[in-house]
Amino acid sequence: MTRKVRVRYAPSPTGPQHIGGIRTALYNYLFAKKHGGDFILRIEDTDQGRYVPGTEEYLIDAIKWCGFDFDEGVHVGGPHAPYRQSERKAIYKQYADQLIASGNAYYSFDSNEAVDAKRKEAEQNKKNWQYDASTRGEMVNSLTLSPAEVDQKLKEDAPFAIRFKIPADEEVVVNDLIRGRVVVHSKQLDDKVLFKSDGMPTYHLANIVDDHLMEISHVIRGEEWLPSAPLHVLLYRALGWENTMPEFAHLPLLLKPDGNGKLSKRDGDRLGFPVFPLNWTDPKTGEFSSGYKEAGYFPDAFLNLLAFLGWNPGTEQEIFSMEEMIQAFSLEKVSKSGAKFSLDKARWFNQQYLQKKSAKEILSLVQLPANNLSEAQLEKVVELLKPRCVFAKDMISVGAYFFAAPTEYDAKTVEKKWKDNSAQIVKDVAELFEAAPVFKAALLETSFKGYMEEKQLGFGAAMPPLRLVLSGAGEGPHLFDIAEILGKEECLKRMKSGIENIEKISLPKN
Ligand code: GLU
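Once you know that position 500 of the sequence shown is 529 in my numbering, the rest is easy, because the numbers rise by one and skip nothing.
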């Protein structure tokens with residue numbers, strides 16, 4: 030019987046999730062939906078010392094902004110509630126006890142200082158030290174103490190840790206859906222703490238117990254968890270859950286644009302682009318980091334660009350709606366090697382999505398400066414500017430001349446293209462415009478072309494001065510479209526003032 034696909038995203042609320050975390054959530058979601066499964070949000074907050082308030086809400090807001098959501102989780106409930114590990118505290122102890130009873134775990138009473146001292150001593154001899162099969166015999170634990178001594182310590186409420194007893198000599202196999210067969214020798218693994226005397230499980234125990242109880246079928250998570258996977262495999266076996274152990278898939282790291290190292294939360298805005306989905310202000314330090322949402326990315330573009338950081342459908346298609354992504358997604362097409370973030374590519378995705386948006390939608394997203402244009406004219410403006418913008422908000426700067434007459438004129442164009450006859454050309458065209466029976470782009474263009482022919486002027490001589498006076502820019506959308514939108518009166522005004530302004534700044538030519 031094939032089991033129902035159930036996947037989870039299980040962040041620890043130790044800070045806002047960066048784009049790598051959102052990508053993990055997305056891949057889990059795509060996988061779940063492709064297979065008609067469930068997508069669960071579990072908050073792994075067993076390490077209370079690292080708790081950062083607000084990060085759980087931040088994550089839920091970020092996922093919602095992206096346009097998807099969880100089927101079960103802290104904010105929506107579900108059959109396996111509660112979904113916050115701190116609220117499941119009572120569940121874990123019995124499994125730690127079970128592991129002790131079956132000889133797979135033991136009490137250790139060593140203080141942190143004692144363990145550190147061992148480590149330091151080994152370091153002095155240029156050796157590594159870990160609490161494992163080769164060293165546990167020299168430590169204070171239920172393997173070296175008598176049962177009576179152990180009972181005594183527990184009665185006295187001596188601080189303890191329950192450690193997993195890693196088998197001494199075994200090849201541990203992790204079958205990873207992305208990486209294939211990963212084999213680690215148990216000698217390399219240490220006896221990880223599973224449970225502490227404060228009553229809290231550690232990540233490893235809580236994670237395995239919850240994945241089991243929540244009937245998780247696939248664990249899809251970042252590569253940084255691959256080193257923990259052999260321990261997890263051993264834990265499933267020790268708890269007798271090997272038959273229902275989830276399948277593992279460890280996702281490639283997200284790398285900095287130069288490929289040097291992992292993209293980290295600490296990168297904030299330092300690399301010239303946001304690493305967080307939404308703006309975030311650290312509650313402790315007050316440090317601000319910008320988000321994709323506020324930077325002007327569309328949620329669907331953001332998801333599309335995230336999807337391609339580590340996955341490739343193997344076709345030419347790059348633009349995918351959520352539905353298409355769900356259909357096309359497969360773990361086999363997720364790469365093993367790290368995915369380099371590229372700002373150019375991220376911008377490209379947003380630009381592609383901008384082109385697909387209707388003018389009406391874009392107008393609803395962007396607050397344009399006050400202007401005298403009608404709704405229909407504004408829609409035309411948006412259509413003209415779209416190909417030149419990456420973000421909807423770029424319309425404000427790229428198309429500034431639609432909303433106010435230029436006060437500055439592109440210096441390079443003035444220098445190169447404003448010739449002795451430029452003012453005269455503008456004056457002549459102003460007359461043509463004045464005389465135009467209807468102020469329509471096609472008509473204006475025809476009469477302008479007639480004029481150029483008559484005066485034997487090339488485009489290179491006649492167009493730039495005209496563009497300068499009307500828009501202040503050296504380039505832009507089709508000039509006669511701009512003229513039509515501005516209207517006769519405004520064009521004539523700009524032509525007149527443009528000549529005056531430019532003549533003032535342009536050096537006399539000889
Ligand atoms: N709580 C872990 C994290 O913060 C989850 C790792 C896992 O998915 O198993 O990423």
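Virtual Cβ for every residue (Gly too), placed ideally from N, Cα, C. Keep in mind the model is a prediction, meaning the values are calculated, not measured.
Ala440 sits away from Leu55, with the two beta carbons spaced by 8 angstroms or more.
Here the alpha carbons of Ala125 and Ile191 stand approximately 7 angstroms from one another. Per the coordinates, the alpha-carbon of Ser171 lies some 30 angstroms from the alpha-carbon of Arg79. Bridge partners of Trp340 according to DSSP: Val363. Boundaries of the alpha helix (DSSP H) harbouring Ser476: Ala470 to Lys484, taken from the DSSP string. Ile191 carries a strand assignment under DSSP once its states are collapsed to helix, strand and coil. The Cβ atoms of Leu263 and Val203 lie no closer than 8 angstroms to each other.
DSSP, read as helix, strand or coil, puts Arg496 in helix. Counting of Cβ neighbours within 10 angstroms places Arg523 among the buried residues, the total reaching 16 or more.
Annotation for Asn204: no alpha helix (DSSP H) segment contains it, though the beta strand (DSSP E) segment containing it runs Glu200 to Asp205.
Summarising the contact set, residues whose Cβ lies nearer than 7 angstroms to any heavy atom of ligand 1 are, in chain order, Ala39, Pro40, Ser41, Glu73, Tyr232, Asn236, Val248, Arg250, Gly251 and Trp254. Spatial neighbours of Phe432 in its own chain (CB-CB distance under 6 angstroms, excluding positions within 5 residues in sequence) are listed in chain order as Pro398 and Asn400.
DSSP links Ser175 through a beta bridge to no other residue. DSSP places Gly527 inside the alpha helix (DSSP H), whose first and last residues are Lys517 to Ile534. Straight-line measurement puts the Cα of Gln159 at about 48 angstroms from the Cα of Phe327. Contact annotation: Lys194 and Tyr265 have beta-carbon atoms that are not nearer than 8 angstroms. Under the three-pair Cβ rule at 8 angstroms, the stretch 266–274 counts as touching the stretch 128–146.
Assigned with DSSP and collapsed to three states, Asn289 falls in coil, not helix or strand. Remark: three or more beta-carbon pairs, one from each stretch, lie closer than 8 angstroms, so the stretch 92–112 and the stretch 64–80 are flagged as touching. A straight-line Cα-Cα distance of about 5 angstroms links Lys469 and Glu513. Counting only the Cα atoms, Val498 lies some 11 angstroms from Glu532.
Taking a cut-off of 8 angstroms on C-beta distances, the stretch 352–361 does not touch the stretch 377–388, as fewer than three cross pairs fall below it. Secondary structure at Pro259: helix, using DSSP grouped into helix, strand and coil.
With a cut-off of 8 angstroms on Cβ pairs, the stretch 73–93 is in contact with the stretch 46–55, counting three or more such pairs. Proximity of the stretch 210–225 to the stretch 160–170 meets the contact definition, three or more beta-carbon pairs being nearer than 8 angstroms. Assignment of Asn57 by DSSP, reduced to helix, strand and coil, places it in the helix class.
Taken through DSSP and simplified to helix, strand or coil, Ala39 comes out as coil. In this chain, the beta strand (DSSP E) harbouring Val213 covers Gly209 to His214. Judged by their CB atoms, His261 and Arg208 are not nearer to each other than the 8 angstroms cut-off. Taking the C-beta atoms as reference points, Arg52 is found no nearer than 8 angstroms to Ile245.
Within the model, the alpha-carbon separation for Asn333 versus Lys446 is close to 42 angstroms.
Looking at the DSSP output, Phe317 shares a beta bridge with Thr310. Under a 10 Å Cβ-count criterion, Asn530 is classified as buried, with 16 or more other Cβ atoms of the shown protein chains found around its own Cβ. Taking a C-beta distance under 8 angstroms as the contact criterion, Val238 and Phe277 do not qualify as a contact pair.
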